[in-house]
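Asker: I have a structure here, written as structure tokens, and I will follow up with some questions on it.
Structure representation (structure tokens):
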């Protein structure tokens with residue numbers, strides 16, 4: 001199961017595009033609401049989460065996805081359940097994916113020191129000792145996958161779909177979406 005965290009102020013494109021790609025690939029995923037099932041994004045778009053953070057089954061988690069948006073990042077960091085889920089993923093060899101401002105959650109805690117990653121331009125100083133590649137849209141390093149910004153959300157989603165078993169490959173999904181891979 002892939003859990004995509006939704007905290008108040010999340011960047012909508014960074015949550016919806018990867019979730020859409022995963023569902024097109026037929027990879028099980030759920031949106032997880034922090035503080036309830038209805039969560040408002042950074043631009044006033046409200047999404048209805050499938051479950052709340054308290055309802056996650058960490059044993060069934062294959063991946064946790066952290067969208068950016070400054071408010072969303074603050075919501076994740078303020079949620080004991082969300083942070084416990086990220087720590088669980090890191091300690092139990094699960095995938096951790098973060099895009100835009102969200103990789104800084106990992107960087108500030110030293111959780112990605114020495115790993116290759118990307119983040120929103122200008123936030124590199126908050127990435128700890130990660131090896132940052134600002135020219136890349138999405139970077140995978142072992143069980144860590146990071147994306148640069150909202151404009152990289154589809155490529156980021158395709159990278160996520162490429163590491164988990166689904167009914168369709170990332171290239172098949174990209175073709176169906178008429179998306180030119182970078």
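Numbering (my numbering), first residue to last: 1 to 182. Note that CB positions come from ideal geometry on N, CA and C, so glycine has one too.
So, for residue 77: in the same chain, excluding its five sequence neighbours on each side, which residues have a beta-carbon less than 8 Å away from its beta-carbon?
Answerer: Cβ neighbours of residue 77 beyond the five flanking positions: 83, 105.
Asker: Tell me the DSSP secondary structure of residue 178 in three-state form.
Answerer: Reduced to three states, the DSSP call for residue 178 is coil.
Asker: If you follow the alpha helix (DSSP H) that residue 145 is in, where does it begin and where does it stop?
Answerer: Here residue 145 belongs to no alpha helix (DSSP H); instead the beta strand (DSSP E) covers 144-147.
Asker: Residue 134: beta carbon under 7 Å from a heavy atom of the ligand ATP?
Answerer: Looking for the ligand ATP in the displayed structure turns up nothing, as the structure carries no ligands at all.
Asker: Between residue 158 and residue 60, what straight-line distance do the alpha-carbon atoms span, to the nearest angstrom?
Answerer: Taking the straight line from one Cα to the other gives about 21 Å.
Asker: In the DSSP assignment, the beta strand (DSSP E) including residue 63 goes from what residue to what residue?
Answerer: That run of the beta strand (DSSP E) goes 63-66.
Asker: Can you tell me where the beta strand (DSSP E) holding residue 130 begins and where it ends?
Answerer: Here residue 130 belongs to no beta strand (DSSP E), and DSSP marks it neither H nor E.
Asker: Are residue 9 and residue 75 closer than 8 Å when you measure CB to CB?
Answerer: Yes.
Asker: Flag this pair as touching only if the stretch 130-150 and the stretch 106-118 have three or more C-beta atom pairs under 8 Å; answer yes or no.
Answerer: Yes, the stretch 130-150 is in contact with the stretch 106-118.
Asker: State the start and end residues of the unbroken beta strand (DSSP E) segment that holds residue 33.
Answerer: Looking at the DSSP string, the run of the beta strand (DSSP E) that includes residue 33 is 29-33.
Asker: Reducing DSSP to helix, strand and coil, say where residue 38 ends up.
Answerer: In this structure, residue 38 counts as strand in the three-state DSSP scheme.
Asker: Since residue 6 sits in a beta bridge, which residues does DSSP pair it with?
Answerer: Paired residue(s): 33.
Asker: Going by C-alpha to C-alpha distance, which of 55, 2, 17, 5 sits closest to residue 152?
Answerer: Ranking 55, 2, 17, 5 by Cα distance to residue 152 puts 17 first.
Asker: Tell me, please, which residues DSSP counts as bridged to residue 88.
Answerer: BP columns for residue 88 are empty, so no partner.
Asker: Indicate whether residue 66 and residue 39 have their beta-carbon atoms separated by less than 8 Å.
Answerer: Cβ atoms of residue 66 and residue 39: not closer than 8 Å.
Asker: If you reduce the DSSP assignment to three classes, tell me which class residue 158 lands in.
Answerer: Of the three classes helix, strand and coil, the one that applies to residue 158 here is helix, per DSSP.
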